[in-house]
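Those protein sequences? They're chains A and B, same order as listed. Heads up, the first sequence is in our numbering, so the first residue is 443 and it goes up one at a time. Heads up, the second sequence is in our numbering, so the first residue is 443 and it goes up one at a time. The block underneath contains the structure these notes are about, expressed in structure tokens.
There are 2 protein chains.
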Amino acid sequence: MPRSEVPDVVVRRLPTYLMALERMLARGEEVVSSAELGKVTGMSAAQIRKDLSYFGEFGRQGLGYEVEFLRDQLKRILQVDREWHIVVVGAGALGRALVHYREFTRRGLNIVAVFDNDPGKVGLPLGGLIIQPMCELETTIRRRHIEIAIIAVPPDAAQAVADELALAGITAVLNYAPATLRLDSDIHVAQIDPVASLQSITYYL
Amino acid sequence: MPRSEVPDVVVRRLPTYLMALERMLARGEEVVSSAELGKVTGMSAAQIRKDLSYFGEFGRQGLGYEVEFLRDQLKRILQVDREWHIVVVGAGALGRALVHYREFTRRGLNIVAVFDNDPGKVGLPLGGLIIQPMCELETTIRRRHIEIAIIAVPPDAAQAVADELALAGITAVLNYAPATLRLDSDIHVAQIDPVASLQSITYYL
DNA sequence: CTGTGTGAAGCTTTTCACAGCG
DNA sequence: CGCTGTGAAAAGCTTCACACAG
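Rendered as structure tokens:
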């Protein structure tokens, strides 16, 4: 299976293709060409063919791609053909919205624990879970072999939380706090910062 | 003022530099070198110097950059040295979290109206605002000269909402729905999709 | 014919390395 | 000296264009 040779920018486009294929499948479409998939995802047909070619030959010449087959292949490549366990740190407005976000469970991304350092919140129920104190973070992560964490705490606390997560053996972090995390390079970090997104949009207005 | 010649990838890095500079300023640091700024933001020193050079010469040879001055320049370039008015469409868990998100107002990004199509939600208070019905969308946007909208509705409704926003004269959209929006190319779209972010992380695990 | 898969070409972005300024 | 600003080189990514398969 090709790994290191695949550009990261290609991997980041695969979820978009997957999402489009899921929708086509729901509509009952059976076959799709790179040109059609391109129109729906906003990419060029050539780019889609090239991206897919990093992982194998999934299409049929003269015909296109079988939607369900390509969907399954992308799920396998992205490893989303199985269930993942996730912890959320921070039970503020954002943490609560994340726990209730239906698209996560729908895609096999299961939030199985929530943590907060506010004693007033610890013990309260949240979407079928109980908010746990930070001191239980490492034990919970290790006992349940959790690999992915979502950071939803205020910016000042983000790096400290990230350090704790690293110590607990987490290998992937989705960071919602507007802060650049300094972590070992073997930990994968993705950043979601609405302020940064808006600030690079206002440049063009 | 340079515009079209500046690569988009450069513009998208500026908010990260700005964020780091704000923190340095809060700590009382007065001067910073490209190497130091690089360490904090995770970029190379050369890249930072090159990025900044698209907009002018902000540093002093042998010394570095004056933190406050560079911060002000970046704010001016990104046009975040003024206040922006924003509408949020969708008053679910995510929309509510966005309305309460303190980093927005702190950075001059003011949510001034919230809309939802659920009659059970319309009229309810939310963070100092009243949830408005969708039929008031266009009037509100036009009367208050709003340029930026945040879409926080379920995936199936996203494209329809985007079309309404385009009709109402919106020029920038931040889309939280897991859907690729088809919009006129004169409308700037940024996508935030936690599922997609996680799905490209699981590839590497 | 239609539409994939893919080398090669073309373009963009990053890194290098150093002149030159304070 | 130390560190910026920047051409030039290197690396990376996208598009082109066509052989080839169904």
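Each residue gets a CB set at the ideal place from its N, CA and C atoms; glycine is no exception. In this text the structure is predicted, and so the values were computed from the model without any measurement.
At a cut-off of 8 Å, the C-beta of residue 461/A has a neighbouring C-beta in chain B. Assigned with DSSP and collapsed to three states, residue 595/B falls in coil, not helix or strand. Of all C-beta pairs linking the region 559–571 of chain A to the region 497–508 of chain A, fewer than three are shorter than 8 Å, placing the two stretches out of contact. Between the alpha carbons of residue 608/B and residue 585/B lies a distance of about 15 Å.
Cβ contact annotation for residue 542/B (same chain, cutoff 7 Å, sequence separation greater than five): 569, in chain order. The shortest C-alpha to C-alpha distance from residue 612/B to any of 632/B, 453/B and 587/B is the one to 587/B. When beta bridges are read from the DSSP output, residue 574/B appears opposite 557/B.
In the DSSP secondary-structure assignment, residue 502/B is bridged to 506/B.
Here residue 632/A is bridged, per DSSP, to 616/A. Following the DSSP letters along the chain, one finds residue 541/A in no beta strand (DSSP E) but inside the alpha helix (DSSP H) bounded by residues 535–542.
Judged by DSSP secondary structure, residue 583/A falls within the alpha helix (DSSP H) whose first and last residues are 579–585. Residue 551/B carries a strand assignment under DSSP once its states are collapsed to helix, strand and coil. A Cβ-Cβ separation of about 21 Å leaves residue 631/A out of contact with residue 640/A under the 8 Å criterion. If you check the CB distance, residue 594/B and residue 621/B do not come in under 8 Å. Residue 536/B and residue 617/B have their C-alpha atoms some 12 Å from each other. Cβ atoms of residue 529/A and residue 603/A stay farther apart than 8 Å, at about 11 Å.
Beta bridge pairing from DSSP links residue 567/A with 572/A. Residue 519/B and residue 553/B have their C-alpha atoms spaced approximately 22 Å apart.
Boundaries of the alpha helix (DSSP H) harbouring residue 490/A: 487–495, taken from the DSSP string. Taking residue 597/A as the centre and dropping the five residues before and after it, the same chain places the C-beta of 619, 620 and 621 closer than 6 Å to its C-beta, in chain order. Residue state for residue 482/B is assigned as helix, using DSSP reduced to three classes.
At least one CB of chain B lies nearer than 8 Å to the CB of residue 539/A. The CB of residue 640/B comes closer than 9 Å to the CB of 457, 522, 526, 528, 546, 549, 551, 590, 592, 614, 616 and 632 in chain A, given here in chain order.
Per DSSP, residue 530/A is one residue of the beta strand (DSSP E) stretching across 526–531. Using a CB distance cut-off of 8 Å, residue 533/A does not count as an interface residue toward chain B.
DSSP links residue 590/B through a beta bridge to 528/B and 614/B.
Assignment of residue 603/B by DSSP, reduced to helix, strand and coil, places it in the helix class. Rounded to whole angstroms, the gap between the alpha carbons of residue 471/A and residue 483/A is 16 Å. Any Cβ of chain B closer than 8 Å to the Cβ of residue 643/A would place that residue at the interface, and such an atom is present.
No Cβ of chain B is located within less than 8 Å of the beta carbon of residue 584/A.
Between residue 579/B and residue 606/B, the beta carbon gap of about 6 Å places them in contact (Cβ cut-off 8 Å).
Residue 448/A carries a coil assignment under DSSP once its states are collapsed to helix, strand and coil. The beta carbon of residue 570/A does not come within 8 Å of any beta carbon belonging to chain B, so the residue lies off that interface. Neighbours of residue 542/A in chain B, taken as residues at a C-beta separation under 7 Å, are given in chain order as 535.
Residue 567/A has a beta carbon lying at 8 Å or more from every beta carbon in chain B.
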